[in-house]
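S.K.: Can you keep this structure in mind? I'll have questions shortly.
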Amino acid sequence: MFYSPRICCLLRWVACFRLVELFAPEKNPVSQQLAINNRKSEGKWHRMVRISLMSDIHNEFEPPRQPTAGWFALNNARKATKGHPEKGPLLTDLRGQAIDLVVLAGDIDIGSKSIVYADQVSRFLNVRAVSLAGNHEGYGRRDLNLLIPELRAAAASTEGRVTFLENESVTFDFDGQRLHVLGCTLWTDYAVNGAEPGDIERAMRNAEDGLNDHRLIVQDGRVFTPQDALARHLESRAWLAMEIARIQSEDGPEARILVVTHHAPVPEANGEFMGGKLSAAYASDLRQEIAHWRPDAWFFGHTHYSFDMMVGPVRVVSAQRGYVCREPGAEDFVPRMVEI
Ligand SMILES: [Fe+2]
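Numbering that gives the first Met the number 0 puts the first residue of the sequence shown at 0, with every later residue one more than the last.
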């Protein structure tokens, strides 16, 4: 067969290209993950911030009373990895990834063990962590008025690795990209299934009858009541409004803001229990506030229902492990990577 010199040249080029492709190293998934993306909003480019989100880790249930095969596999994998935290989800896949921040959105463990774990995660992944209290942090019967400052002090002793937030904000700088992180437990307004006084009273009674919060948590030297939760919710909600307004007036409307709460800000976060007897103790309906405040994202936990939705332009997302050996999938849980 005879080819013209031009076609010969083309065939040689194609063969050469295929050879290069054949011997080229496989694309490295880690180096691909290391790229930090940018996004354009309102005519400006922003560096994306990569955050590893987890909540409701519930390390207090490890080791479990009745371990499953899945838990044994998890435990062996943790033990096989030098420096890995003894409890919690397997974090080995996160190592080597580009992560700017880890967020632990409450119900990590009882009391200050929650901060100990956040510090272990921070050391293992070599990244700073933000932690806040869920309701279970208070299950050690330590008075909430004492526990919150103790958690803050414990975080302060980690040499900057862990920041604890309760009605507080912290500002990070990632290669010149500022991110304000606002955190609080939030609790609830009990109004998600009806905002009439009778609806709220009923929701509070249901919570008092049905939740361990009102048996195991102590405040002011007595059992924590739904009225206490409502008062804390209103305080946090007023603080969020004030703090977001302050940041936006100082940094302008393009200020990058992440809100982290333990309790949920949208009714849908209750999943199949939406509208149920106890659902008002798990979520409030803050969709109007979210649309008005317009943070970049809102992370939450508490409902043991991992969730990702948009409220207007705001991403509302959770990544909740739940109880190992009791809830399906908990042993295989991996934190969710969120880019904002
Ligand atoms: Fe919770």
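For glycine and all other residues, C-beta sits at the position ideal for the given N, C-alpha and C. All of these numbers come straight from a predicted model, not from anything done at the bench.
What's the C-alpha gap between Phe55 and Gln247?
M.R.: Before going further, note that residue 55 is Asp rather than Phe in the sequence given. When rounded, the distance between both Cα atoms is 31 angstroms.
S.K.: Going by DSSP in three states, Asn134 sits in which element: helix, strand or coil?
M.R.: coil
S.K.: What span of residues does the alpha helix (DSSP H) with Ser248 cover, start to end?
M.R.: Pro225 to Asp250
S.K.: I need the straight-line Cα distance from Ala72 to Lys78, nearest angstrom please.
M.R.: Using only the alpha carbons, I get a separation of about 10 angstroms.
S.K.: Since I believe Val259 is in contact with Val129 (beta carbons under 8 angstroms), could you give me their beta-carbon distance rounded to a whole number of angstroms?
M.R.: Rounded, the Cβ-Cβ distance is 7 angstroms, consistent with contact.
S.K.: Give a single yes or no on whether Asp106 has its beta carbon closer than 7 angstroms to a heavy atom of ligand 1.
M.R.: yes
S.K.: Going by the beta-carbon positions, is the gap between His262 and Leu185 smaller than 8 angstroms?
M.R.: yes
S.K.: What residue does the beta strand (DSSP E) around Ala296 start on, and which one ends it?
M.R.: Element bounds for Ala296: Ala296 to Phe299.
S.K.: Which of the three DSSP states is assigned to Trp70 in this structure?
M.R.: helix
S.K.: Within 10 Å of its beta-carbon, does Trp44 have 16 or more other beta-carbons around it, so buried, or fewer, so exposed?
M.R.: exposed
S.K.: Contact check, Ile109 vs Glu136 under 8 angstroms by CB: the rounded distance?
M.R.: 7 angstroms
S.K.: Need the endpoints of the alpha helix (DSSP H) that Met203 sits in, please.
M.R.: Element bounds for Met203: Pro196 to Gly209.
S.K.: CA-CA distance, Asp227 and His213?
M.R.: 10 angstroms
S.K.: Thinking just about the alpha-carbon of each residue, which of Arg204, Arg320 and Cys183 is nearest to the one in Pro225?
M.R.: The shortest Cα separation from Pro225 among Arg204, Arg320 and Cys183 belongs to Arg204.
S.K.: Which of the three DSSP states is assigned to Asp307 in this structure?
M.R.: Asp307 falls in the strand class under three-state DSSP.
S.K.: Any idea what DSSP makes of Phe272, helix, strand or coil?
M.R.: Secondary structure of Phe272 (DSSP, three-state): helix.
S.K.: Roughly how many whole angstroms lie between the Cα atoms of Val333 and Glu267?
M.R.: The C-alpha of Glu267 is placed about 22 angstroms away from the C-alpha of Val333.
S.K.: So is Lys86 buried or exposed if we call it buried at 16+ other beta carbons inside 10 Å?
M.R.: By the neighbour-count rule (16 or more Cβ atoms within 10 Å), Lys86 is buried.
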